[in-house]
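Each position in the sequence shown, counted from 1, maps to that position plus 2 in the working numbering. The beta carbon of each residue, even a glycine, is placed where N, CA and C say it ideally should be. Report on the structure given below.
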Amino acid sequence: MSGVLHIIVVTVVSVIAFYLYFEIIVSYHRRHQLGLILYPKRKDFDEYNLIFRWRTTEHVGYRVAVFIAYASLAFVAFSWFYNIWIEKNVIMLVLTVLPYALLFNHIIEVREEGMLIDGLYFRWEDIQTYELDDRGDRASLTFVLKKRKYGLKRFRSRMVPAPILREVDKQMARYLTKKEK
3 MSGVLHIIVV
13 TVVSVIAFYL
23 YFEIIVSYHR
33 RHQLGLILYP
43 KRKDFDEYNL
53 IFRWRTTEHV
63 GYRVAVFIAY
73 ASLAFVAFSW
83 FYNIWIEKNV
93 IMLVLTVLPY
103 ALLFNHIIEV
113 REEGMLIDGL
123 YFRWEDIQTY
133 ELDDRGDRAS
143 LTFVLKKRKY
153 GLKRFRSRMV
163 PAPILREVDK
173 QMARYLTKKE
183 K
């Protein structure tokens, strides 16, 4: 029975990782359909002196990360094949998700027609309402989407430094209605 469970877990994790990397690559290539960048004007957020460097898609590090996502697609397929047909290797399974956790979770930018957050893009017309969950020095955005996107009806971003999201909130207020708590 543990062999069947292993196959199911490996397949589910591999499908989710493959889909996530595919959507990140598509989001990167479609970002120009969202218009010009409104916030931030530079390629990263220097003014906040953060431990992790928050960037935009124009930053050179993000462009390198997209090429790593291409390679990760092949690695996910190889990892699935290896784990199913050759031998169980949990470390290889963890390595399939590691690039997303390290490279794509510090991306945010507001554009004329939408925004990119966590490497994924959302058009203003796809977002029904949004909510800013401010917890002092950290905050997150929750979107309620008009129709399913990325398999979700509701999208919640990772925790972002509050000063960045407060500025993003000002930019988004022009385009969207805010859900009150």
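- Closest in alpha carbon position to Ser74, among Leu100, Arg32, Trp87, is Leu100.
- Trp87 and Arg32 have their alpha carbons spaced roughly 36 Å apart.
- Check the Cα spacing between Arg137 and each of Glu89, Trp126, Arg160: the tightest is with Arg160.
- Looking only at Lys149, Gly153, Val112, Arg150, the smallest Cα-Cα distance to Leu143 is reached by Val112.
- For Asp136, the enclosing beta strand (DSSP E) covers residues 129-137.
- His108 sits buried, since 16 or more C-beta atoms from the chains shown fall within 10 Å of its C-beta.
- Val62 and Leu36 have their C-alpha atoms some 20 Å from each other.
- Glu133 is positioned such that its CB atom lies no closer than 8 Å to that of Trp126.
- Per DSSP, reduced to three states, the secondary structure at Glu169 is helical.
- Rounded to the nearest angstrom, the gap between the Cα atoms of Tyr41 and Val68 is 21 Å.
- Val170 and Glu89 have their C-alpha atoms spaced approximately 47 Å apart.
- For Pro101, the three-state secondary structure derived from DSSP is helix.
- The distance from the Cβ of Phe106 to that of Ile26 is about 6 Å, consistent with a contact at the 8 Å cut-off.
- In the three-state DSSP reduction, Tyr152 falls in the coil class, being neither helix nor strand.
- A Cβ-Cβ distance of about 20 Å is found for the pair Lys151 and Asp135, leaving them out of contact under the 8 Å criterion.
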